[in-house]
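Scroll down for the structure; my scribbles are underneath it.
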Amino acid sequence: MNQRLEPLRHFASDNYAGICPEAWAALTEANQGHAVGYGDDAWTAKAANLIRDLFETNCEVFFVFNGTAANSLSLASMCQSYHSILCHEIAHVEADECGAPEFFSNGTKVLLLSGANGKIDPAGIERMVKRRTDIHYPKPRAVSLTQATELGTVYTIEEIKAIWSKAKQHGLRIHMDGARFANAVASMGVAPKEITWQAGVDVLCFGGTKNGTLVGDAVVFFNLEMAREFDYRCKQAGQLASKMRFVSAPWVGMLEAGAWLRHAAHANRMAAYLESKLRPLPAVKILFPRQANAVFAELPQPVIAGLRERGWRFYTFIGQGGCRLMCAWDTTETDVDAFVADLQAHLQPAAPANATKGE
Ligand SMILES: Cc1ncc(COP(=O)(O)O)c(C=O)c1O
Numbered sequence: 002m003n004q005r006l007e008p009l010r011h012f013a014s015d016n017y018a019g020i021c022p023e024a025w026a027a028l029t030e031a032n033q034g035h036a037v038g039y040g041d042d043a044w045t046a047k048a049a050n051l052i053r054d055l056f057e058t059n060c061e062v063f064f065v066f067n068g069t070a071a072n073s074l075s076l077a078s079m080c081q082s083y084h085s086i087l088c089h090e091i092a093h094v095e096a097d098e099c100g101a102p103e104f105f106s107n108g109t110k111v112l113l114l115s116g117a118n119g120k121i122d123p124a125g126i127e128r129m130v131k132r133r134t135d136i137h138y139p140k141p142r143a144v145s146l147t148q149a150t151e152l153g154t155v156y157t158i159e160e161i162k163a164i165w166s167k168a169k170q171h172g173l174r175i176h177m178d179g180a181r182f183a184n185a186v187a188s189m190g191v192a193p194k195e196i197t198w199q200a201g202v203d204v205l206c207f208g209g210t211k212n213g214t215l216v217g218d219a220v221v222f223f224n225l226e227m228a229r230e231f232d233y234r235c236k237q238a239g240q241l242a243s244k245m246r247f248v249s250a251p252w253v254g255m256l257e258a259g260a261w262l263r264h265a266a267h268a269n270r271m272a273a274y275l276e277s278k279l280r281p282l283p284a285v286k287i288l289f290p291r292q293a294n295a296v297f298a299e300l301p302q303p304v305i306a307g308l309r310e311r312g313w314r315f316y317t318f319i320g321q322g323g324c325r326l327m328c329a330w331d332t333t334e335t336d337v338d339a340f341v342a343d344l345q346a347h348l349q350p351a352a353p354a355n356a357t358k359g360e
């Protein structure tokens with residue numbers, strides 16, 4: 002085996018990838034002269050307008066540094082401290098944000114729902130709401146769903162509407178963690194409005210980083226009332242960038258000529274390609290339907306160890322087990338081929354130590 006110990010690209014996360022050319026070009030362009038600070042600049046206004054155009058509606062848009070801030074602050078704006086947020090048991094807001102949604106909402110409790118393939122079962126909403134209705138129970142106020150999900154699946158329009166129907170019935174608001182919203186849109190071939198405000202979503206956290214920007218996710222309020230004083234919430238939480246144009250300009254670069262969707266579609270295609278290479282291997286088990294840019298696969302432990310020794314990075318602690326293999330805007334077929342070749346090399350039974358030539 003040759004000694005290539007540092008692959009150029011990994012399958013650990015789409016945030017391992019660099020900044021895409023469109024975002025980089027916009028940054029360079031924004032880096033001219035002076036501009037007003039704290040979001041009152043032309044780049045930020047343009048980015049927000051492009052998001053309004055994309056969703057074909059009037060909405061309030063705020064840029065924060067990352068997805069954890071976007072989720073936590075938007076959820077906090079939907080709830081009082083005595084409320085609860087219903088989400089899937091493996092949701093990022095529950096499992097991967099270090100309690101930030103509870104912290105920024107001053108204690109709003111997160112209640113966990115189950116459901117196959119990382120998606121909330123709408124019947125679970127009803128069960129959780131009706132479990133208790135007394136004053137001692139944290140009153141359910143919001144449902145949070147992740148699109149695409151933490152397991153690389155996507156909610157269909159009908160599935161989101163089924164959640165909406167239950168939410169309406171019980172007076173719950175809908176939050177969408179869209180860290181990989183672009184991958185979901187690319188996978189489904191829908192208009193962004195169809196899986197957001199037209200399906201009952203009040204607030205979307207629209208991810209930029211995994212799509213190709215350097216930093217900064219957009220909080221998009223379709224429910225304008227919920228956006229009231231959100232700017233103060235951002236400032237208090239340390240999420241108001243003084244040089245905001247460098248957070249918002251990459252969004253202009255991504256949105257203006259459709260790079261956001263092109264890059265997401267490419268990442269999804271690479272994941273499909275990876276899946277097509279892994280599926281025929283008897284020692285590999287694909288765990289969930291591959292619908293966005295992640296493939297979850299169960300691999301034999303020695304193969305995992307061997308791939309890591311060869312320098313490949315990927316996660317084994319996310320979701321419900323298995324290896325998460327995530328593709329990004331810059332993943333190439335060559336990367337996939339190199340990974341699969343190394344994987345296959347570790348699947349070969351080792352030659353017996355005492356074997357001699359010609360036996
Ligand atoms: C589903 C999901 N939501 C939100 C985030 C955003 O997290 P961060 O705060 O790291 O940008 C991530 C990042 O891994 C994610 O996978």
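Residue numbers for the sequence shown follow our numbering, so the first one is 2 and each next one is one higher. Where a beta carbon is used, it is the ideal one built from N, C-alpha and C, also for glycine.
- Taking THR147 as reference, the option from PRO139, PRO141, ILE164 with the minimal CA-CA separation is ILE164.
- Counting the other Cβ atoms within 10 Å of the Cβ of GLN240 gives 16 or more, which makes it buried.
- Cβ contact annotation for ASP42 (same chain, cutoff 7 Å, sequence separation greater than five): ALA36, MET245, ARG246, in chain order.
- DSSP lists LEU326 as the beta-bridge partner residues of VAL296.
- Ranking SER243, PRO193, GLY190, SER249 by CA distance to the CA of ALA219 puts SER249 first.
- In terms of side-chain proximity, the C-beta atom of GLU151 is found nearer than 7 Å to a non-hydrogen atom of ligand 1.
- Within a 10 Å sphere around the beta-carbon of THR154 sit 16 or more other beta-carbons, which makes this residue buried.
- Contact annotation, HIS176 with LEU76: C-beta distance approximately 6 Å; criterion of less than 8 Å satisfied.
- Per DSSP, the continuous beta strand (DSSP E) segment holding THR147 begins and ends at 140 to 147.
- Per DSSP, ASP232 is one residue of the alpha helix (DSSP H) stretching across 231 to 237.
- One thing to note: PHE105 has its Cβ no nearer than 8 Å to the Cβ of CYS235.
- For THR147, the shortest C-beta to heavy atom distance toward ligand 1 is below 7 Å.
- Closest in alpha carbon position to GLU61, among ASN67, ASP203, ALA298, is ASP203.
- Taking C-beta atoms as the reference points, ALA168 and GLY201 count as a pair closer than 8 Å.
- Taking PHE207 as the centre and dropping the five residues before and after it, the same chain places the C-beta of GLY179, PHE182, ALA219, VAL221 closer than 6 Å to its C-beta, in chain order.
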